[in-house]
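In the working numbering, the protein residues as written are 659 to 830.
We put the CB at the ideal spot given by N, CA and C, even for glycine.
The next block holds one structure in the form of structure tokens; read it before the comments.
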């Protein structure tokens, strides 16, 4: 299911970049907001009620090539578009102690957003780590698109995606 695909994406990247936490937020287009999908390293009380509403400008930014390549939020972003996104969404990004973001964007549009917390050994996310996160996000998005395609063609109703914390023992 899509929640498990996002959970595996988070788990594989947490170890690869040394992140202390990560969250996958899925896009609910009918409500114009993000909703928690899966998370790692956060207490449930911190992430349970995070449901940010995104402005049209936010979606345009998150679907841009700049954002899809991964964005480090610490130190402060260099581009005006990213600074504007952070300014509009600062409250929930601060709750997640967001240090990097990578949108999940594919042929079907915007699926959601991956948010990465601080690195275990300190330091900022550099270009190599952002490249790894962006590449993994592209693979995750392809898996999500395959799941959506197969569910639409083979099932009468789409099952509810898995939500909540993801634990390392879920990895194959």
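Helix, strand or coil for residue 674 per DSSP?
-> The residue given as residue 674 occupies position 16 in the chain shown. Secondary structure of residue 674 (DSSP, three-state): helix.
Residue 729: which of 787, 823, 808 and 664 sits nearest, CA to CA?
-> Position 71 of the chain shown, counting from 1, holds the residue named residue 729. For residue 729, the nearest C-alpha among the options comes from 787.
To the nearest angstrom, how far is it from the Cα of residue 701 to the Cα of residue 823?
-> By one-based count along the chain shown, residue 701 stands at place 43. By one-based count along the chain shown, residue 823 stands at place 165. When rounded, the distance between both Cα atoms is 9 Å.
The beta strand (DSSP E) enclosing residue 711, as first and last residue numbers | As a working note, residue 711 is residue 53 in the chain shown. Neither: residue 711 is in no beta strand (DSSP E) and is coded neither H nor E.
Enumerate in chain order the residues of its own chain whose CB-to-CB distance from residue 799 is below 7 Å, with the five nearest sequence positions on each side excluded.
-> By one-based count along the chain shown, residue 799 stands at place 141. Correct list, in chain order: 762, 763, 764 and 769.
Beta-carbon separation (whole angstroms), residue 681 vs residue 694, contact threshold 8 Å | Position 23 of the chain shown, counted from the first residue, corresponds to residue 681. Position 36 of the chain shown, counted from the first residue, corresponds to residue 694. A Cβ-Cβ separation of about 6 Å places residue 681 in contact with residue 694 under the 8 Å criterion.
State the Cα-Cα distance for the pair residue 671 and residue 790, rounded to the nearest angstrom.
-> Taking the first residue of the chain shown as 1, we reach residue 671 at position 13. Taking the first residue of the chain shown as 1, we reach residue 790 at position 132. Rounded to the nearest angstrom, the two C-alpha atoms are 8 Å apart.
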